[in-house]
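Chains as they are written, first to last, in the working numbering: chain A, 1 to 245; chain B, 1 to 245; chain C, 1 to 245.
The beta-carbon is built from N, C-alpha and C at its ideal position, and this holds for glycine as well.
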Amino acid sequence: MLKAAINAELLKDSIAALAVIIDEVRFKISREGIFVKAVDPANVAMGIFELRAEAFEEYNADECEIGIDLNKISDLLGITEKNDTVRIELDENSQKLLIDVGGLSYTLSLLDPSTIRAEPRVPQLELPVKVVLNGLDLRRAVKASEKISDHMLMGVSEDTFYMEAKGDTDQVRLEMGRDQLIDLKSGDACSLFSLDYLSDIVKPVNKANEVTLSLGRDFPILIDFEIANGAGKVSYLLAPRIESD
Amino acid sequence: MLKAAINAELLKDSIAALAVIIDEVRFKISREGIFVKAVDPANVAMGIFELRAEAFEEYNADECEIGIDLNKISDLLGITEKNDTVRIELDENSQKLLIDVGGLSYTLSLLDPSTIRAEPRVPQLELPVKVVLNGLDLRRAVKASEKISDHMLMGVSEDTFYMEAKGDTDQVRLEMGRDQLIDLKSGDACSLFSLDYLSDIVKPVNKANEVTLSLGRDFPILIDFEIANGAGKVSYLLAPRIESD
Amino acid sequence: MLKAAINAELLKDSIAALAVIIDEVRFKISREGIFVKAVDPANVAMGIFELRAEAFEEYNADECEIGIDLNKISDLLGITEKNDTVRIELDENSQKLLIDVGGLSYTLSLLDPSTIRAEPRVPQLELPVKVVLNGLDLRRAVKASEKISDHMLMGVSEDTFYMEAKGDTDQVRLEMGRDQLIDLKSGDACSLFSLDYLSDIVKPVNKANEVTLSLGRDFPILIDFEIANGAGKVSYLLAPRIESD
């Protein structure tokens with residue numbers, strides 16, 4: 001069972017953060033909120049998503065699992081206004097989601113969750129380094145790096161966090177000292193990541209005042225930030241690229 | 001004879017409302033104003049347009065008929081500013097239209113009206129139902145329906161006007177009660193229309209505070225709204241689609 | 001040697017004005033500023049560009065010549081904010097340009113100037129007519145003409161400057177009298193120019209309050225305007241087209 005109401009803008013941002021990873025996902029619904037874990041088709045990035053009950057204007061739910069095509073919801077949310085309220089109701093018998101926005105009622109057929117790839121196991125990683133920075137700084141470094149290369153190095157050297165991309169002839173590097181960061185737990189960290197993935201991930205990150213990066217040496221990166229004014233959270237786990245040459 | 005001056009924005013909106021139906025049209029010019037009736041190439045939609053003398057800053061005309069390629073005028077109006085005044089003068093000898101905007105003088109060759117499809121006969125229809133609503137509401141329903149289907153049902157059931165689109169698996173429906181409408185004359189009405197046409201028609205409708213829909217059962221729809229602050233009027237008559245399924 | 005700092009918006013506008021002509025250019029650097037002369041690949045348009053030391057927030061330079069791919073710099077400047085300061089330093093040993101914007105450091109490989117087409121000789125022309133007008137007026141005439149033709153006539157007839165384009169059936173003409181111009185030195189001038197080139201040139205001109213055109217009969221046109229609040233100057237010399245038919 002699910003019957004809920006939520007601000008349209010907030011739902012749009014949440015769906016956008018998930019759509020970065022994959023289109024068809026299983027929503028785990030419970031009394032506490034909505035939870036998703038999903039892996040991208042190439043097994044490079046994982047998204048862990050939660051939107052807790054308090055993010056909603058109204059929220060009533062029993063435990064259940066539904067399959068959703070995020071593209072369809074994004075399409076529908078495209079015509080909402082910033083301050084619209086979206087009402088959602090699950091019809092379990094017909095496996096349909098009823099969505100109501102300002103008098104417009106959508107009936108959306110759900111996907112059979114069993115046809116969607118199972119929820120991944122989240123690996124237990126010891127990531128020794130933590131960097132907390134503004135989402136805009138991360139985005140700026142990613143956008144600058146895209147002009148030059150298709151992968152980017154992220155690491156920490158003593159009290160400095162750096163992001164660096166090298167092209168055939170050119171290079172770009174952003175260094176941020178402890179005083180430019182919101183927080184830093186220093187240690188041994190330096191890994192290479194695909195800019196294809198980072199530039200997608202960075203889109204929703206953009207709105208986050210605070211993004212936490214957890215890093216190691218040639219290890220995956222964990223990118224965490226809050227959504228819905230703290231009533232939700234998105235984490236991306238991105239596998240490193242192994243430097244050739 | 002025609003010699004007139006008109007606000008650029010107003011002329012742009014008028015031309016845009018006409019261009020929805022067809023590119024080459026016959027303008028019937030008289031002392032009272034400019035009048036156009038045109039049918040789209042597939043004979044599905046008809047546009048009936050009038051821009052009366054009082055819409056103009058200056059207006060002097062004798063009865064005449066000219067052929068115009070609306071694309072050319074739209075192109076030229078594209079570079080005008082909102083508050084520009086457009087001066088128009090017809091040179092009947094050379095069959096050219098002289099258009100002056102802020103010092104820029106265009107000389108536009110007219111089309112021979114006899115090469116343009118004749119003005120259609122407007123059918124006399126008894127459309128029992130009338131719905132008056134805000135142009136934005138109509139537009140929102142059309143935009144939502146486009147995501148799901150290529151045709152849309154419009155009808156009235158007792159005191160409720162509804163618009164509905166059904167896709168293979170999903171559905172969208174907008175219901176508006178008497179209190180959400182500007183006016184309603186209820187009756188038997190339910191017809192299916194092509195969203196291709198509706199989404200074009202809805203573009204100029206968007207700016208109208210008040211749109212009147214006249215409907216019947218499996219009958220054409222008549223969509224009326226004012227332009228030029230009441231000094232002009234556009235009507236679209238759109239043929240219904242016959243539901244196959 | 002070069003070590004300089006400049007406002008990002010100002011540098012972006014300067015690069016954009018140059019990029020109209022060609023992508024790879026030789027920058028002549030001296031104590032007085034940065035100077036470029038370049039010809040487009042088809043030898044139709046020449047750009048003469050200067051950005052004097054006073055345009056910079058800081059400027060230290062010895063005489064040198066470097067080769068730059070303007071596309072790369074435009075790309076990088078694309079992510080700067082309006083009020084950012086761009087710091088530039090030339091590393092002559094490695095032939096690299098170090099560019100720093102808000103903590104982001106770019107290392108840009110320079111081109112070997114000897115691989116770039118040599119600086120053209122600027123022809124000495126006697127252009128009897130001078131027209132000074134607002135950049136926006138020039139742009140408006142060019143944009144209107146593009147709708148109709150691929151070349152435009154520019155000339156002076158007594159106290160009137162005119163720009164005119166003729167299509168197969170239509171025509172557009174902008175006339176500006178002495179009172180609508182900022183200044184006019186009248187004389188014999190009437191030449192035809194390619195709108196392909198003019199519409200590129202007119203993009204940076206757009207921001208100029210004052211543009212000086214120097215003209216003759218079937219002669220090139222010289223289009224001059226200031227950049228960087230008077231601390232720089234761009235001149236375009238555009239060859240005329242010979243009217244056929």
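Name the chain B residues that come within less than 8 Å of residue i, Cβ to Cβ?
i	result
D75/A	K147
Return the bridge partner residues of residue i from the DSSP annotation.
i	result
E24/A	D69/A
A249/A	A query on residue 249/A cannot be resolved here, the shown segment of chain A reaching from 1 to 245 and no further.
R121/A	Partner(s): none; R121/A has no beta bridge.
Y334/A	Not covered by the structure: residue 334/A. The range shown for chain A is 1 to 245.
Y236/C	G47/C, I223/C
I15/C	DSSP, once it has assigned bridges, lists no residue as partnering I15/C.
T107/B	L98/B, Q171/C
I29/C	I34/C, C64/C
L181/A	DSSP lists no partner for L181/A.
L215/B	V129/B
R241/C	L192/C
R275/A	The displayed coordinates of chain A run from 1 to 245. Any statement about residue 275/A would go beyond what the structure contains.
V202/B	According to DSSP, which records beta bridges pairwise, V202/B is partnered with nothing at all.
V142/C	Per DSSP, none; premise fails for V142/C.
Flag residue i as yes if its beta-carbon sits less than 8 Å from any beta-carbon of chain B, otherwise no.
i	result
V131/C	no
D245/A	Only weak support exists for where D245/A lies, its pLDDT of 48 falling under 50; the coordinates are left without a value.
Give the C-beta separation of residue i and residue j to the nearest angstrom, bearing in mind that I take them to be a contact with Cβ-Cβ under 8 Å.
i	j	result
I15/A	S109/A	No, I15/A and S109/A are not in contact; Cβ-Cβ is about 17 Å, not under 8 Å.
G33/A	E50/A	6 Å
P120/A	M46/A	6 Å
D170/B	Y106/A	7 Å
C64/A	I29/A	5 Å
F219/A	L125/A	7 Å
G135/C	V211/C	5 Å
L90/C	L97/C	6 Å
L127/B	L222/B	6 Å
For residue i and chain A, any beta-carbon pair shorter than 8 Å?
i	result
R121/B	no
L104/C	yes
K72/C	yes
S235/C	no
Find the residues of chain A that neighbour residue i, judging by a C-beta separation of less than 8 Å, and give them in chain order.
i	result
S109/C	T169, D170
Quick check: is the beta carbon of residue i nearer than 8 Å to any beta carbon in chain C?
i	result
I88/B	no
Under 7 Å between beta-carbons, which chain B residues line up against residue i? List them in chain order, please.
i	result
I79/A	R140, K143, A144
Please list, in chain order, the residues of the segment 168-185 of chain C that have any C-beta partner in chain B closer than 8 Å. Of all residues in the segment 168-185 of chain C, only T169, D170, Q171, V172, R173, L174, E175, M176, Q180 come within less than 8 Å of chain B when Cβ atoms are compared, listed by chain position.
Could you please tell me which residues of the segment 186-209 of chain A, in chain order, have their CB closer than 9 Å to any CB of chain C? Listed in sequence order: no entries.
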